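Working notes, structure below.
2 protein chains.
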Amino acid sequence: MKFEAITIKDIAKTLGLSTSTVSRALRDSYEISPETKARVIEYAREMNYRPNPIALSLKEKRSSSIGVLVSEIANSFFSQAINGIESVAQQKGYNVVIAQSKEDFNREVSALQYLASRSVDGILLSVSSETSDFSTINGLYSKGMPVVCFDRVVESIDTHKVIVDNFLAAYNATNHLIKNGYKKIACISNAALLSISRERVEGYKKAMIDKKMPFDEKSVCYCPHGGLIYEEVEEVMNQLIKSKNRPDAVIACSDKITTNIMRYCKLKKVPIPESLAMIGFSNLDLTELLSPSLSVVRQPAYEMGKKAAELLITMIESKRPVLDFETVILPAELIQRASSAKTKTVKKA
Amino acid sequence: MKFEAITIKDIAKTLGLSTSTVSRALRDSYEISPETKARVIEYAREMNYRPNPIALSLKEKRSSSIGVLVSEIANSFFSQAINGIESVAQQKGYNVVIAQSKEDFNREVSALQYLASRSVDGILLSVSSETSDFSTINGLYSKGMPVVCFDRVVESIDTHKVIVDNFLAAYNATNHLIKNGYKKIACISNAALLSISRERVEGYKKAMIDKKMPFDEKSVCYCPHGGLIYEEVEEVMNQLIKSKNRPDAVIACSDKITTNIMRYCKLKKVPIPESLAMIGFSNLDLTELLSPSLSVVRQPAYEMGKKAAELLITMIESKRPVLDFETVILPAELIQRASSAKTKTVKKA
DNA sequence: ATTATTTACGCAAACGATGTCGGGAATTAT
DNA sequence: ATAATTCCCGACATCGTTTGCGTAAATAAT
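Sequences listed follow chains C and B, in order. The numbering used here puts the first residue of the first sequence at 24, with every later residue one more than the last. The numbering used here puts the first residue of the second sequence at 24, with every later residue one more than the last.
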């Protein structure tokens with residue numbers, strides 16, 4: 024099947040004009056007589072003419088589109104961020120091409136290369152949890168492709184970045200558990216490579232040390248696939264639960280890890296918070312409806328997307344190379360609910 | 024900022040060849056000598072040359088990309104469907120451009136028009152709940168743009184369609200409530216215009232009539248925004264709860280309606296299922312973790328996306344106009360959990 | 001030695017739109 | 001009446017790639 028849209032050439036032919044004249048008439052150039060303009064505009068409207076964006080892109084060397092590369096769109100944080108990105112993009116006349124890495128390094132590279140080959144004017148990137156080799160993105164960036172990192176940033180490239188204060192968020196979340204009387208707090212994090220993992224784990228450690236809590240390196244666990252796979256969470260949880268130093272609370276550092284821990288506790292009949300308290304990073308909008316209602320660290324995903332898109336478009340439209348870069352750090356929100364509430368068996372510290 | 028990728032012209036210049044020769048060498052044409060081929064291929068590899076897809080699109084009049092238009096990607100059903108779509112697209116060498124209507128007719132029209140202007144080779148469409156005027160999509164389709172509808176279909180266009188057996192799903196869900204002893208069952212549906220709404224409401228009605236249950240037209244309610252806005256669900260629920268014929272169970276016909284009813288019941292302290300049983304259409308993957316665990320009708324979203332994408336790509340690649348169309352009807356899954364369980368106060372019917 | 005064929009490459013057109021340039025006709029100035 | 005100036009519009013090149021056609025040189029056939 025083929026879809027043949029009307030072109031400027033078709034209009035020129037039927038109206039007995041040249042393509043240049045039609046083009047100028049449509050762009051309301053002063054060198055076209057009012058009568059000709061009217062004829063052209065009327066006919067174009069009638070035939071529902073739209074300029075071919077592909078031809079424009081080729082000519083202008085820009086596509087008026089931005090690429091977004093995230094690990095998964097079926098993830099509340101990212102879909103909310105994309106909403107923020109779209110709101111800005113639409114307003115500024117860009118459209119958004121979304122690609123998923125699924126936390127897979129090879130998919131990330133091929134997605135980047137597709138986006139790169141001039142089909143987008145810039146890229147918003149949140150790297151996959153597998154990625155430790157940044158040569159593809161570095162290569163693109165050094166050749167002049169505007170890139171803004173959000174959430175999971177690439178330290179090695181010097182550009183705008185939009186993140187949450189992960190350190191403080193984890194610090195506060197851990198503190199909240201400590202205040203509620205929990206003593207043996209474990210931390211289950213995303214892949215160790217990720218910036219967000221490091222920052223969150225650091226926040227957790229600092230809180231534990233500041234409050235002089237017993238702290239054991241074994242109580243920090245990593246899920247290389249970010250909890251996407253239930254079994255990796257199961258394994259980590261089994262280890263924690265069966266260890267002689269069984270934790271009484273846990274902080275989960277990603278959306279999927281959070282929900283998979285809840286699933287685990289339900290399956291294994293580990294009552295929350297009585298037997299294990301928990302708080303997790305999550306952007307799901309129904310954590311209040313879970314059983315028990317879930318204490319969460321919520322990231323301002325929509326705002327992050329918005330800000331990242333604004334920075335990217337500024338970069339794209341800047342005439343001269345951008346030299347000083349911003350790292351926007353937004354605060355996360357701590358929402359206290361039943362899953363981390365004080366339990367009677369725990370004496371206040 | 025500008026990103027200048029290497030072109031065939033650059034290669035030609037440095038190697039002292041013509042663009043045609045380079046092009047042919049890269050496509051392994053027989054009329055290029057092995058030595059020249061080797062030179063060109065080696066240099067292209069070295070410089071990481073990629074053909075400009077925009078130039079290709081212009082020349083070939085195809086973009087090797089398909090457009091997906093859904094109401095919202097931050098919706099489990101659609102994000103799962105998109106995953107299915109992407110899996111097929113990637114395998115067949117297409118990339119996916121995603122657009123959201125946010126249930127807004129104007130956004131839908133402008134998204135369609137963007138996709139239309141030759142930037143995609145075909146469109147996968149699930150219409151917005153506001154749409155009653157299908158002239159844009161009809162116009163595109165009649166001009167030869169391949170379109171496949173999924174989930175929310177447009178009856179007036181004759182093309183491939185991929186849906187769930189909504190009638191049967193709602194029939195079974197209603198029956199399930201009846202079997203568990205509920206008598207006054209209300210149905211809260213998405214916008215009345217949508218195909219899925221009509222089919223689901225019909226299934227509900229049929230079950231009520233078959234089982235000789237008291238049936239009142241007032242027990243069918245509609246949310247024009249598909250439950251996206253909490254307040255519209257609140258209003259409907261207030262009416263139902265306060266009516267003299269207060270229902271003892273409810274069937275919710277969309278994801279957002281389902282979760283917003285739960286939110287309502289939690290806020291208003293309406294115990295589920297004791298005071299109001301419920302079952303809802305939902306593709307969330309943590310409905311088991313809700314309080315109470317939620318009975319759901321689950322759609323095979325991933326498979327629907329896959330099938331729809333396959334049909335679309337077949338249409339796109341078909342040499343002659345496709346004339347006989349398929350309507351693929353997949354079964355939904357009924358998952359019984361606590362929210363619709365029998366309660367002691369209800370005698371078995 | 002002359003002609004025919006093959007080999008290996010370049011030229012130019014095309015896709016749709018825009019912008020630069022140039023020029024014919026009509027109007028105004030001299 | 002002639003020169004100068006507007007006013008409108010068309011021809012052409014361009015973006016990157018592919019492809020049909022032409023062709024010089026090399027080889028093969030006569």
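Cβ coordinates follow ideal geometry from the N, Cα and C atoms, glycine included. This structure is a prediction, so every number in the text was calculated from the model and none was measured.
Minimum length 4: unbroken alpha helix (DSSP H) runs contained in the segment 90-175 of chain C | 99-115, 128-137 and 158-165
Is the shortest distance between the beta-carbon of Arg286(B) and the beta-carbons of chain C less than 8 Å?
-> yes
Residue interval of the alpha helix (DSSP H) (run including Cys210(C)) = That residue, Cys210(C), is in no alpha helix (DSSP H); its beta strand (DSSP E) goes Ile208 to Asn213.
CA-to-CA distance, Val150(C) to Val177(C), given in whole angstroms | 7 Å
Starting from Lys184(C) and walking both ways along the beta strand (DSSP E), at which residues does that stretch end?
-> Lys184 to Val187
What's the C-alpha gap between Ala215(B) and Asp188(B)?
-> 17 Å
Alpha-carbon spacing of Ile13(B) relative to Tyr325(B), whole angstroms | Nothing about residue 13(B) can be read from this structure; chain B reaches only from 24 to 372.
So with Cβ pairs under 8 Å, would you call Lys289(C) a contact of chain B?
-> yes
Anything in the segment 108-120 of chain C with a Cβ closer than 9 Å to a Cβ of chain B? List those residues in chain order, please.
-> Glu109, Gln113, Asn118, Val119 and Val120
For the beta strand (DSSP E) that Gly303(B) lies in, which residues bound it at each end?
-> Ala300 to Phe304
Between Lys371(C) and Asn203(C), what straight-line distance do the alpha-carbon atoms span, to the nearest angstrom?
-> Since pLDDT at Lys371(C) reaches only 43, below the 50 mark, its modelled position is unreliable, and the value read off the structure follows with that caveat. Rounded to the nearest angstrom, the two C-alpha atoms are 7 Å apart.
Let me know the beta strand (DSSP E) ranges lying completely inside the segment 298-366 of chain B, each 3 residues or longer, listed in chain order.
-> 300-304, 318-321, 350-353 and 356-358
By how many angstroms is the C-alpha of Tyr287(B) removed from the C-alpha of Glu257(B)?
-> 7 Å
Using 7 Å as the cut-off, classify the Cβ of Gln113(C) as near or not near the heavy atoms of the ligand COA, replying yes or no.
-> With respect to the ligand COA, the structure offers nothing, as it holds no ligand at all.
Beta-carbon separation (whole angstroms), Ser87(C) vs Glu126(C), contact threshold 8 Å | Actually they are not in contact, since the Cβ atoms of Ser87(C) and Glu126(C) sit about 30 Å apart, beyond 8 Å.
Within 8 Å (strictly less), CB to CB, does Val132(C) reach chain B?
-> no
Along the segment 70-91 of chain C, what residues have a CB closer than 9 Å to any CB found in chain B?
-> Asn71, Arg73, Pro74, Asn75, Pro76, Ile77, Ala78, Ser80, Leu81, Lys84, Arg85, Ser86 and Ser88
Those residues which DSSP pairs with Val243(C) across a bridge | Cys210(C)
Is there a Cβ from chain C that is less than 8 Å from the Cβ of Ala300(B)?
-> no
Alpha carbon to alpha carbon, how far is Leu346(C) from Val319(C)? Give it in angstroms, no decimals.
-> 37 Å
Just the C-alpha distance for Ala48(B) and Ser220(C), rounded to the nearest angstrom, thanks.
-> 47 Å
Closer than 8 Å to chain C by CB, Asn189(B) = no
When Cβ atoms are compared, which residues of the segment 257-284 of chain C fall closer than 9 Å to chain B?
-> Thr282
Looking at the C-beta of Met231(B), does it have a partner C-beta in chain C at a distance below 8 Å?
-> no
Just checking my contact of Val185(B) with Val171(B) at CB under 8 Å: how many whole Å lie between their CB atoms?
-> 7 Å
Could you tell me whether the segment 262-276 of chain C touches the segment 292-299 of chain C, using the rule of 3 or more Cβ pairs below 8 Å?
-> yes
List, in order along the chain, the chain C residues whose C-beta lies closer than 7 Å to that of Glu27(B)?
-> Gly167
Quick one: Cα of Phe100(C) to Cα of Gly303(C), how far?
-> 13 Å
Just to confirm, are Asn161(B) and Ser142(B) a CB contact at a threshold of 8 Å?
-> no
Give the single residue among Asp144(B), Ala139(B), Asn129(B) and Ile146(B) whose Cα lies nearest to the Cα of Asp156(B).
-> Asn129(B)
Compare the Cα-Cα distances from Ser80(C) to each of Ser140(C), Ala361(C), Asp308(C) and Asn213(C) and report the closest residue.
-> Ser140(C)
Residue from Lys291(C), Asn306(C), Tyr117(C) and Thr59(C) with nearest C-alpha to Glu337(C) | Residue identity check: residue 337(C) is Thr in the sequence provided, not Glu. Thr337(C) has its Cα closest to that of Tyr117(C), out of Lys291(C), Asn306(C), Tyr117(C) and Thr59(C).
Which of the three DSSP states, helix, strand or coil, is assigned to Val273(B)?
-> strand
Reference Lys241(C); option with closest CA among Ala361(C), Ala209(C) and Glu153(C) | Ala209(C)
Going by the CB atoms, is the gap between Leu334(B) and Asn195(B) shorter than 8 Å?
-> no
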